[in-house]
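In this text, residue positions in the sequence shown follow my numbering: the first is 22, and each later residue adds one. Beta carbons are placed, not taken as given, at the ideal position from N, Cα and C, and that holds for glycine. Being a predicted model, the structure only gives us computed values, none of them experimental.
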Amino acid sequence: MAMGVAGGGGRRGSRRGARRAPMAEINVTPLVDVMLVLLIIFMVTAPLLTAAVPVELPDSRASAMEQQSDQVTISILSDGRIYLDEEELAPGSLPDRLATLPVDASGKPPLVVLRADRALDYGRVMEVMGELNHAGFNSISLVTNSSVSAP
Numbered sequence: 022m023a024m025g026v027a028g029g030g031g032r033r034g035s036r037r038g039a040r041r042a043p044m045a046e047i048n049v050t051p052l053v054d055v056m057l058v059l060l061i062i063f064m065v066t067a068p069l070l071t072a073a074v075p076v077e078l079p080d081s082r083a084s085a086m087e088q089q090s091d092q093v094t095i096s097i098l099s100d101g102r103i104y105l106d107e108e109e110l111a112p113g114s115l116p117d118r119l120a121t122l123p124v125d126a127s128g129k130p131p132l133v134v135l136r137a138d139r140a141l142d143y144g145r146v147m148e149v150m151g152e153l154n155h156a157g158f159n160s161i162s163l164v165t166n167s168s169v170s171a172p
């Protein structure tokens, strides 16, 4: 990065108050640093923003799975209310809503992620899984909290 003197070269043309040519370069290093920090922040917080319905999940030692873009999240609260993504469903309307879910180009239904509260009765979770299976959703992932100790 060279800077030229406007008044010519040598000792004669360079005076203490001589005007210098303006630099036409911009230092982008601080901009890149800020953008990388923002990228890291968004990468860390994005997975935490996927679940909008608060559910007290059970603990498990299972390893984490990848998230898919076309997945559908079904949440069951401790009082038995069911949410499809972030929309609360009326009692008995789950089969109708499952029938309206889109399929991909190959005719395969989307992956279903089931989040059930730990205080729920096992039978209630099985009822919902039975409805999912009856509607043709055979790939169901159960969401849990990670735990370091075995149950």
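Contact between I161 and V133 holds, since their C-beta atoms are separated by about 5 Å, short of 8 Å. Around the beta carbon of R139, fewer than 16 other beta carbons sit within 10 angstroms, so the residue counts as exposed. In the three-state DSSP reduction, T94 falls in the strand class (E or B).
Counting along the chain, V134 sits inside the beta strand (DSSP E) bounded by residues 133-137. Nearest Cα to E148 within the set T165, I97, E107: I97. A120 and T66 have their alpha carbons spaced roughly 32 Å apart.
Here S127 is not bridged, per DSSP, to any residue. The closest CA to that of V49, considering only L57, G151, A42, is found on L57.
For the pair P131 and V93, the CB atoms are nearer than the 7 Å cut-off. In the three-state scheme derived from DSSP, where H, G and I count as helix and E and B as strand, R41 is classed as strand. For I103, DSSP records a beta bridge to I97. Taken atom to atom, the span from the alpha-carbon of D91 to that of G157 is near 16 Å.
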